[in-house]
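Enquirer: Attaching a single structure in structure tokens format; questions to follow.
Listed below in structure tokens is the structure:
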């Protein structure tokens, strides 16, 4: 079933900087006069910016994506770059790439991983809003993509949870939804970043079944063939799309964006055309 309700800014800790972009109205989006069987947007996409970026540019991306039945949560990294450098970063520390001298994306993600998995996904989207893991996807750019891959790989959810409870802010998600035991999210898109080398091979058990799309430029020095194999060692379903040009940034034209939108079409759930009051049987 769709989530109990979409998130609001007050659901999250006040120290976080974020925006929520809601989908365009559809027949499945509740309105002021909708009946009790009207459904909330089914999916939620978490956008994570790159090293040294800030929230506004990514919020513009969220608005431009215009994804149906999908609420987009754009999150700013909690740590400002030092030495008066502009922007924010997701790393536990600041390190430099020995070969290029540039800031290294793979700087440890323990704190940011807890933020994504515990504060955002488990405590808010699942416990408060009633999302199922399958309805939650991640889209990261650069260091944000690296964090997205690590967070999804190491996400663990309780199999048994208490039944839903009523609080001052409303009714929390039901225990049956939170307690699915699934660590498989809807999907991950990583632009210009593979699974972090510092965390490779640390997770025990089989591969994660969350679908992954890696997007990178031709002859990428970061998303190399070895880096792709490292990501494939952690995830069962990994698709790779390379631009005809060099450079690992965001898609610049329609041809570069098409694989991303096709991936969205496969991973995002839809209740369009399903009669009101229907339930999902799994």
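In the UniProt record's numbering, the protein residues as written are 1 to 282. Ideal Cβ positions, reconstructed from N, Cα and C, are used throughout, including at glycine. Model, not experiment: these values are computed from the prediction.
1) Specify, as a first and last residue, the run of the beta strand (DSSP E) that residue 73 falls within.
2) Rank 140, 266, 6 and 155 by C-alpha distance to the C-alpha of residue 54 and give the top, closest one.
3) Which stretch, first to last residue, makes up the alpha helix (DSSP H) that contains residue 148?
4) For the beta strand (DSSP E) that residue 242 lies in, which residues bound it at each end?
5) Taking the continuous alpha helix (DSSP H) assigned at residue 188, which residues delimit it?
6) Tell me whether the beta-carbon of residue 125 lies closer than 8 Å to the beta-carbon of residue 48.
7) If contact is defined by three or more beta carbon pairs under 8 Å, each pair taking one atom from either stretch, is the region 185-194 in contact with the region 129-138?
8) Taking a contact to mean a Cβ-Cβ separation below 8 Å, would you say residue 201 touches residue 50 in this structure?
9) Figure out for me which residue from 17, 70 and 155 has the closest Cα to the Cα of residue 113.
10) Closest to residue 238 by CA distance: which of 194, 219 and 250 is it?
11) In chain order, what residues of the same chain lie with their CB nearer than 6 Å to the CB of residue 241, ignoring the 5 residues before and after it?
12) Using the rule of at least 16 other Cβ atoms within 10 Å of the residue's Cβ for burial, across every protein chain shown, is residue 3 buried or exposed?
13) Tell me the rounded alpha-carbon separation between residue 105 and residue 146.
14) Could you tell me the distance, in whole angstroms, from the CA atom of residue 20 to the CA atom of residue 233?
15) Bridge partners of residue 235, per DSSP?
16) Residue 266 and residue 236: beta carbons closer than 8 Å?
17) Output needed for residue 244: all residues of its chain with C-beta closer than 7 Å, excluding positions within five of it in sequence on either side, in chain order.
18) Is residue 17 buried or exposed, if buried means 16 or more other CB atoms sit within 10 Å of its CB?
19) Could you compute how far the alpha carbon of residue 22 sits from the alpha carbon of residue 86?
20) Look up residue 140 in the DSSP assignment and give the residues it is bridged to.
21) Taking a contact to mean a Cβ-Cβ separation below 8 Å, would you say residue 70 touches residue 268 in this structure?
22) Can you look up residue 57 in the DSSP assignment and give me helix, strand or coil?
23) Decide if residue 248 is buried, meaning its Cβ has at least 16 other Cβ atoms within 10 Å, or exposed.
24) Which stretch, first to last residue, makes up the alpha helix (DSSP H) that contains residue 267?
25) Ignore the nearest five residues each way along the sequence and tell me which others in residue 36's own chain have a CB closer than 6 Å to its CB.
26) Going by Cα to Cα distance, which pick from 40, 65 and 46 is closest to residue 261?
27) Can you tell me which of 107, 6 and 189 puts its alpha carbon nearest to the alpha carbon of residue 98?
Expert: Checking against the coordinates, here is how it stands:
1) If you number the chain shown from 1, residue 73 lands on position 73. Element bounds for residue 73: 70-75.
2) Position 54 of the chain shown, counted from the start, is the residue given in the question as residue 54. That would be 140, whose Cα lies nearest to the Cα of residue 54.
3) Translated into the one-based positions of the chain shown, residue 148 becomes position 148. 143-154 is the span of the alpha helix (DSSP H), which, as asked, contains residue 148.
4) Position 242 of the chain shown, counting from 1, holds the residue named residue 242. Its beta strand (DSSP E) spans residues 238-242.
5) Position 188 of the chain shown holds residue 188. Per DSSP, residue 188 is not a residue of any alpha helix (DSSP H); the beta strand (DSSP E) it occupies stretches across 187-191.
6) Counting from 1 along the chain shown, the entry for residue 125 is found at position 125. Counting from 1 along the chain shown, the entry for residue 48 is found at position 48. The answer is no: Cβ separation not under 8 Å.
7) yes
8) Here residue 201 refers to the residue found at position 201 when the chain shown is read from its first residue. Here residue 50 refers to the residue found at position 50 when the chain shown is read from its first residue. No, the pair does not count as a contact, with Cβ atoms beyond the cut-off.
9) Locating residue 113 in the chain shown gives position 113, where the first residue counts as 1. For the residues 17, 70 and 155, the minimum Cα distance to residue 113 belongs to 155.
10) The residue given as residue 238 occupies position 238 in the chain shown. Cα-wise, what sits closest to residue 238 is 194.
11) Along the chain shown, one-based indexing puts residue 241 at 241. Cβ within range, chain order: 215 and 259.
12) Here residue 3 is taken as the residue at index 3 of the chain shown, counted from 1. By the beta-carbon neighbour count (other beta carbons within 10 angstroms, threshold 16), residue 3 is buried.
13) If you number the chain shown from 1, residue 105 lands on position 105. If you number the chain shown from 1, residue 146 lands on position 146. Distance between the alpha carbons of residue 105 and residue 146: 8 Å.
14) Here residue 20 refers to the residue found at position 20 of the chain shown. Here residue 233 refers to the residue found at position 233 of the chain shown. When rounded, the distance between both Cα atoms is 33 Å.
15) Reading the chain shown from its first residue, position 235 is the one you call residue 235. Answer by DSSP bridge pairing, in chain order: 208.
16) The sequence position of residue 266 within the chain shown is 266, counting from 1. The sequence position of residue 236 within the chain shown is 236, counting from 1. Not in contact: residue 266 and residue 236 (Cβ atoms no closer than 8 Å).
17) Residue 244 sits at position 244 when you count from the first residue of the chain shown. In the same chain as residue 244, and ignoring 5 residues on each side of it, the C-beta atoms closer than 7 Å to its own belong to 218, in chain order.
18) By 1-based counting over the chain shown, the position of residue 17 is 17. Classification for residue 17: exposed.
19) What you label residue 22 is simply residue 22 of the chain shown in a count that begins at 1. What you label residue 86 is simply residue 86 of the chain shown in a count that begins at 1. About 28 Å.
20) Translated into positions along the chain shown, residue 140 becomes position 140. Paired residue(s): 48 and 190.
21) For the purposes of this step, residue 70 is identified with residue 70 of the chain shown, where counting begins at 1. For the purposes of this step, residue 268 is identified with residue 268 of the chain shown, where counting begins at 1. Cβ atoms of residue 70 and residue 268: closer than 8 Å.
22) As a working mapping, residue 57 is identified with position 57 in the chain shown. If DSSP states are grouped into helix, strand and coil, residue 57 belongs with the helices.
23) Within the chain shown, numbered from 1, the residue matching residue 248 stands at position 248. With 16 or more other CB atoms across the displayed protein chains lying within 10 angstroms of its CB, residue 248 is buried.
24) For the purposes of this step, residue 267 is taken as the residue at position 267 of the chain shown. It spans 254-267 - the alpha helix (DSSP H) in which residue 267 sits, taken as one unbroken run.
25) Taking the first residue of the chain shown as position 1, residue 36 is located at position 36. Summary for residue 36: the model assigns pLDDT 39, below 50, so the residue's position carries little reliability; its value from the coordinates is reported in the next sentence. Excluding sequence neighbours, residue 36 sits near nothing in its chain.
26) Along the chain shown, read from residue 1 onward, the residue named residue 261 stands at position 261. Answer by Cα proximity: 65.
27) As a first step, residue 98 is located in the chain shown; it is residue number 98 there, counting from the start. Residue 107 is the option with its Cα nearest to residue 98.
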